[in-house]
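Written out below as structure tokens is the structure these notes cover.
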Amino acid sequence: MTTDTLRIGIAGLGTVGGGVVKILQSNADLITARSGRKIEVVAVSARDKSRDRGFSTDGLRWFDDARDLAADSEIDVVLEMIGGSEGIARDVCEKALSTGKHVVTANKALIAHHGKALAALAAGNNLTLAFEAAVAGGIPVIKTLREGMAANRFFHISGILNGTCNYILTTMEKTGQDFADVLKEAQEKGYAEADPTFDVDGIDTAHKLAIMAGLAFGHAPNMDELPVEGIRSITFDDIRYANELGYRIKLLGVTRMADGHVQQAVYPCMVAKESPLGSVDDAFNAVQLEGDFVGRIFLEGAGAGEGPTASSVVADL
Ligand code: HSE
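For the sequence shown, this note's numbering gives the first residue as 5, with consecutive numbering after it.
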């Protein structure tokens with residue numbers, strides 16, 4: 005066992021960044037035993053230094069500008085927990101990878117739009133770019149795709165990939181509440197994006213689907229050829245009628261290889277109530293993957309929220 009401590013810098017102390025600090029504090033002994041070295045947060049950067057986050061940042065180096073944290077020579081791994089496909093999040097990843105640091109990110113928009121270039125930058129500098137938390141929160145779907153199912157050709161992947169939409173659809177079904185009221189609850193619970201239109205208009209699902217399709221079919225994630233429809237126009241009556249016919253309405257991301265072409269799309273679907281995808285409630289996500297030798301694999305778990313998403317980030321560490 006090497007005794008060198010792995011020094012972490014966290015850019016962004018929102019829901020996920022804060023969750024990472026809490027896991028690393030609570031499970032420090034276990035994580036050290038499993039990884040063979042101490043993992044220690046040494047530096048952080050966020051917009052508001054004085055905010056009460058439920059943990060202390062005393063003793064950690066504070067950076068007002070996350071780009072400076074990314075460039076710091078006393079950090080081994082940068083966690084990019086800011087979000088957004090451009091601007092500071094992208095700058096932080098590029099700066100870290102160009103100055104010798106590994107990067108772990110939960111940023112699906114960034115990976116969907118710039119994953120190929122960032123992966124090339126990482127590989128060129130012999131560094132790792134890891135993004136398990138970018139797809140389906142706490143479900144280890146990236147590791148399943150890249151490692152567990154690595155021997156297979158993929159035929160078909162479909163999934164419920166947005167916790168906010170699934171929470172809205174299942175809560176509307178259970179309570180008859182309006183779309184807007186339930187969206188507010190999802191925001192309060194920390195599931196929704198800073199801009200919730202990304203959730204309800206299907207864009208967040210599209211980012212996650214494009215990442216999975218890229219890994220499964222060996223091409224750069226392609227957002228330009230991905231038709232997207234969200235759940236904004238779904239009414240309680242739609243949900244009720246679907247229910248009477250034995251279906252639930254779910255926002256699905258679907259990709260398949262057909263005649264040598266990758267097809268991918270995001271849309272609300274009627275899914276049989278008793279099917280595995282039809283039984284996934286609340287903010288849970290699920291992914292169904294089909295490989296030529298292993299057959300069908302179904303993964304279900306928490307797709308959003310502090311603990312589950314931070315769990316995937318720490319797994320990458
Ligand atoms: N806003 C996302 C969701 C968070 O609701 O699923 C996790 O990516």
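Every residue, glycine too, gets a C-beta built ideally from N, C-alpha and C.
It should be emphasised that the depicted structure is a prediction, and the values quoted were computed from it without experimental measurement.
* Segments assigned beta strand (DSSP E), at least 3 residues, entirely inside the segment 212-290 -> List check, beta strand (DSSP E) in window: 251-262 and 265-276.
* To do: Answer yes or no: the CB of GLU151 versus the heavy atoms of the ligand HSE, is any distance below 6 Å?
  => Taking the first residue of the sequence shown as 1, we reach residue 151 at position 147. False, no ligand heavy atom lies under 6 Å from that Cβ.
* Asked: In its own chain, which residues sit with a C-beta less than 7 Å from the C-beta of ASP8, not counting the 5 before and 5 after it?
  -> The residue labelled residue 8 in the question sits at position 4 within the sequence shown. Taken in chain order, the residues that qualify are ARG41.
* Asked: For ARG41, does the three-state DSSP call read helix, strand or coil?
  -> Taking the first residue of the sequence shown as position 1, residue 41 is located at position 37. Three-state DSSP puts ARG41 in coil, outside helix and strand.
* Please state whether DSSP places ILE86 in a helix, a strand or coil. => Here residue 86 is taken as the residue at index 82 of the sequence shown, counted from 1. Coil, per DSSP.
* Per-residue burial, GLY309 [other beta carbons within 10 Å of its own, 16 or more giving buried] -> Your numbering for residue 309 matches position 305 in the sequence shown. Residue environment for GLY309: buried (at least 16 other C-beta atoms within 10 angstroms of its C-beta).
* Asked: Where does GLN292 land, buried or exposed, given buried means 16+ other C-beta within 10 angstroms?
  -> In the sequence shown, the residue the question calls residue 292 occupies position 288. Result: buried.
* Going straight from the alpha carbon of ASP203 to that of LYS212, what length do you get? -> Taking the sequence shown and counting its residues from 1, one reaches residue 203 at position 199. Taking the sequence shown and counting its residues from 1, one reaches residue 212 at position 208. So the alpha carbons of these two residues sit roughly 11 Å apart.
* Can you list the alpha helix (DSSP H) stretches of 4 or more residues lying completely in the segment 112-141, in chain order? -> Runs of the alpha helix (DSSP H) inside the segment 112-141: 112-128.
* Host alpha helix (DSSP H) of PHE158 (start-end) -> The residue labelled residue 158 in the question sits at position 154 within the sequence shown. In the DSSP annotation of this structure, PHE158 is not part of any alpha helix (DSSP H); the continuous beta strand (DSSP E) holding it starts and ends at 158-164.
* If you draw a straight line from the alpha carbon of MET5 to that of HIS118, how long is it in whole angstroms? -> Mapped onto the sequence shown, residue 5 falls at position 1. Mapped onto the sequence shown, residue 118 falls at position 114. Note that MET5 scores a pLDDT of 46, beneath 50, so its modelled location is shaky; the value from the coordinates is reported in the next line. So the two alpha carbons sit approximately 35 Å from each other.
* Can the beta-carbon of ARG11 be found closer than 7 Å to that of ILE86? -> Within the sequence shown, numbered from 1, the residue matching residue 11 stands at position 7. Within the sequence shown, numbered from 1, the residue matching residue 86 stands at position 82. Contact flag unset, no.
* Distance between SER237 and TYR245 (C-alpha atoms, nearest Å) -> In the sequence shown, counting from the first residue as 1, residue 245 sits at position 241. In the sequence shown, counting from the first residue as 1, residue 237 sits at position 233. Note on geometry: alpha-carbon atoms of TYR245 and SER237 lie some 15 Å from one another.
* Best match in GLY250, ASN226 and VAL145 for proximity to LEU165 [C-alpha to C-alpha] -> Translated into positions along the sequence shown, residue 165 becomes position 161. Among GLY250, ASN226 and VAL145, the Cα nearest to that of LEU165 belongs to VAL145.
* To do: Tell whether a beta-carbon distance below 7 Å holds between GLY218 and THR19.
  => Position 214 of the sequence shown, counted from the first residue, corresponds to residue 218. Position 15 of the sequence shown, counted from the first residue, corresponds to residue 19. Cβ atoms of GLY218 and THR19: not closer than 7 Å.
* **Reference ALA3, options THR174, GLY257 and GLN181, closest by Cα** => No answer is possible for residue 3: it lies beyond the span of the chain, which begins at 5 and ends at 321.
* **Rounded separation between LEU122 and GLU98 - CA only** => For the purposes of this step, residue 122 is taken as residue 118 along the sequence shown, with counting starting at 1. For the purposes of this step, residue 98 is taken as residue 94 along the sequence shown, with counting starting at 1. Taking the straight line from one Cα to the other gives about 7 Å.
* Does the Cβ of GLY257 lie closer than 6 Å to at least one heavy atom of the ligand HSE? -> Here residue 257 refers to the residue found at position 253 of the sequence shown. Flag unset: Cβ of GLY257 not near the ligand HSE.
* Is it a yes or a no for the segment 158-174 touching the segment 275-295, going by three-plus beta-carbon pairs under 8 Å? -> yes
* Which of helix, strand or coil DSSP assigns to MET5 -> Here the question's residue 5 lines up with position 1 in the sequence shown. Confidence at MET5 is low in this model, with a pLDDT of 46, below 50, so its placement is unreliable and no value can be given for it.
* May I ask which residues mark the beginning and end of the beta strand (DSSP E) holding LEU173? => Within the sequence shown, numbered from 1, the residue matching residue 173 stands at position 169. For LEU173, no beta strand (DSSP E) encloses it; the enclosing alpha helix (DSSP H) starts and ends at 167-179.
* Asked: MET227 to ALA276, Cα distance in whole Å?
  -> Here residue 227 refers to the residue found at position 223 when the sequence shown is read from its first residue. Here residue 276 refers to the residue found at position 272 when the sequence shown is read from its first residue. Rounded to the nearest angstrom, the two C-alpha atoms are 28 Å apart.
* Which word fits PHE297, buried or exposed, when buried means at least 16 other C-beta atoms lie within 10 angstroms of its C-beta? -> The residue labelled residue 297 in the question sits at position 293 within the sequence shown. By the neighbour-count rule (16 or more Cβ atoms within 10 Å), PHE297 is not buried but exposed.
* Asked: Any heavy atom of the ligand HSE within a distance shorter than 6 Å of the CB on ASP208?
  -> Numbered from 1 along the sequence shown, position 204 holds the residue referred to as residue 208. Under cutoff, so the answer is yes.
* Spatially closest choice to LYS254 from MET261, GLY264, ASP242 and HIS265, by CA coordinates -> In the sequence shown, the residue the question calls residue 254 occupies position 250. Out of MET261, GLY264, ASP242 and HIS265, ASP242 has the C-alpha closest to the C-alpha of LYS254.
* **Sub-7 Å separation of VAL48 and ILE14 beta-carbons** => What you label residue 48 is simply residue 44 of the sequence shown in a count that begins at 1. What you label residue 14 is simply residue 10 of the sequence shown in a count that begins at 1. Yes, the Cβ-Cβ distance between VAL48 and ILE14 is below 7 Å.
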